[in-house]
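Chains as they are written, first to last, in the working numbering: chain A, -13 to 100; chain B, 6 to 120.
Idealized CB from N, CA, C, for every residue including glycine.
Heads up: the structure comes next, in structure tokens.
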């Protein structure tokens, strides 16, 4: 069965510093990978996704992620964060033997310090 | 274009009561999902559907039932509510998997408290 591990439950960073949010998945076959963001008191919206092709994926708000099949990872990065990036970030996986399901990780809360 | 609409937005139940959460989408999507969100546990898949008349179990299906009688609606039922079902529930519909436009469209959530 698919599973997703987000290694950090909370990540505090200073404004304008770079950030990396880590995500590892378990699947032995082709997968689709996603990052969703949930701003305070809001629903979830898609940041970016990997379906196939280039392993470096660019999303909205300056975020990017790199698919690494050998490491089974899909880490999210941003070179310089802003206060408005304060949110909870969720990695998700779909594909393999359970292609219809989308399984989410436990989330990483990103807090930006001025 | 309303997207995904969930009703109700808030509900308080007593242990043992039943209720149904309604999810409606107007995008003609085949795939629909019910998740629950709890602090520190992310979103956990309860049940999902890949088309009208079909349903399947997710990660945490116990205590819940679902129905997809019409393509645009996906109902989540709690037959006998328990305090462990206190959570925020999200419905989502999914555009065609694997296509460039693929993504989940989420409803605004239902905050359920079971006393």
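What are the boundary residues of the beta strand (DSSP E) that includes residue i?
{"i": "residue 94 of chain A", "result": "94 to 99"}
{"i": "residue 77 of chain A", "result": "73 to 81"}
{"i": "residue -2 of chain A", "result": "-4 to 0"}
{"i": "residue 57 of chain B", "result": "Looking at the DSSP string, residue 57 of chain B is not in any beta strand (DSSP E), and its letter there is neither H nor E."}
{"i": "residue 22 of chain B", "result": "That residue, residue 22 of chain B, is in no beta strand (DSSP E); it is neither H nor E in DSSP."}
{"i": "residue 67 of chain B", "result": "Element bounds for residue 67 of chain B: n/a, residue is neither H nor E."}
{"i": "residue 51 of chain A", "result": "50 to 54"}
{"i": "residue 29 of chain A", "result": "Unbroken run through residue 29 of chain A: none, as it is neither H nor E."}
{"i": "residue 7 of chain A", "result": "5 to 7"}
{"i": "residue 59 of chain A", "result": "59 to 64"}
{"i": "residue 116 of chain B", "result": "115 to 119"}
{"i": "residue 7 of chain B", "result": "That residue, residue 7 of chain B, is in no beta strand (DSSP E); it is neither H nor E in DSSP."}
{"i": "residue 10 of chain A", "result": "10 to 12"}
Whose C-beta lies closer than 6 Å to the C-beta of residue i among residues of the same chain, with five residues either side of it excluded?
{"i": "residue -9 of chain A", "result": "10"}
{"i": "residue 100 of chain A", "result": "1"}
{"i": "residue 31 of chain B", "result": "7"}
{"i": "residue 72 of chain B", "result": "80"}
{"i": "residue -7 of chain A", "result": "8"}
{"i": "residue 70 of chain B", "result": "82"}
{"i": "residue 15 of chain B", "result": "116"}
{"i": "residue 36 of chain B", "result": "55 and 99"}
{"i": "residue 84 of chain A", "result": "-12"}
{"i": "residue 44 of chain A", "result": "50"}
Give the residues of chain B in contact with residue i, contact being defined as C-beta atoms less than 8 Å apart.
{"i": "residue 76 of chain A", "result": "47 and 48"}
{"i": "residue 32 of chain A", "result": "108 and 109"}
{"i": "residue 86 of chain A", "result": "36, 53, 55, 61 and 102"}
So with CB distances below 7 Å, who are the chain B contacts of residue i?
{"i": "residue 91 of chain A", "result": "47"}
{"i": "residue 105 of chain A", "result": "Outside the displayed range of chain A (-13 to 100) lies residue 105 of chain A, so it cannot be described from this structure."}
In its own chain, which residues sit with a C-beta less than 7 Å from the C-beta of residue i, not counting the 5 before and 5 after it?
{"i": "residue 68 of chain B", "result": "83, 87 and 90"}
{"i": "residue 49 of chain B", "result": "40, 41, 64 and 65"}
Leaving out five residues before and five after residue i in sequence, what residues of the same chain have Cβ atoms less than 8 Å from its Cβ?
{"i": "residue 87 of chain A", "result": "-12 and 80"}
{"i": "residue 106 of chain B", "result": "100"}
{"i": "residue 18 of chain B", "result": "24, 83, 86, 117, 118, 119 and 120"}
List the residues of chain A whose Cβ lies closer than 9 Å to the Cβ of residue i, in chain order.
{"i": "residue 58 of chain B", "result": "Per Cβ cutoff of 9 Å: no residues; residue 58 of chain B is ~15 Å from chain A at best."}
Which chain A residues are close to residue i, counting only those with a beta carbon under 8 Å from its beta carbon?
{"i": "residue 72 of chain B", "result": "Correct list: empty, because the minimum Cβ distance to chain A is about 17 Å."}
{"i": "residue 118 of chain B", "result": "Within chain A, no residue comes near residue 118 of chain B; the closest Cβ sits about 17 Å away, beyond 8 Å."}
Report whether the distance from the Cβ of residue i to the nearest heavy atom of the ligand GDP is below 6 Å.
{"i": "residue 76 of chain A", "result": "Absent from the structure shown: the ligand GDP. Ligands present: none."}
Using the beta-carbon of each residue, which ones in chain A are nearer than 7 Å to residue i?
{"i": "residue 113 of chain B", "result": "29"}
Cβ pair count under 8 Å reaching 3, the region 4 to 24 of chain A against the region 19 to 35 of chain B: no
Short-range partners of chain B found in the region 35 to 48 of chain A, where Cβ spacing is below 9 Å: 35, 37 and 38
Touch test, the region 53 to 67 of chain B against the region 91 to 99 of chain A, Cβ-Cβ under 8 Å, three pairs minimum: Contact between the region 53 to 67 of chain B and the region 91 to 99 of chain A is absent, because fewer than three Cβ pairs lie under 8 Å.
Three-pair Cβ contact test at 8 Å for the region 10 to 19 of chain B versus the region 46 to 58 of chain A: Output reads no: the region 46 to 58 of chain A does not touch the region 10 to 19 of chain B.
Where the region -1 to 28 of chain A meets chain B: residues whose CB sits under 9 Å from a CB there: 18, 20, 22, 24 and 28
Near-chain B residues of the region 49 to 79 of chain A (beta-carbon distance less than 7 Å), N- to C-terminal order: Flagged, chain order: 76.
Near-chain A residues of the region 78 to 98 of chain B - C-beta to any C-beta below 9 Å: 95 and 97
Inter-stretch contact at 8 Å, needing at least 3 Cβ pairs: the region 27 to 40 of chain A / the region 108 to 115 of chain B: Yes, they touch.
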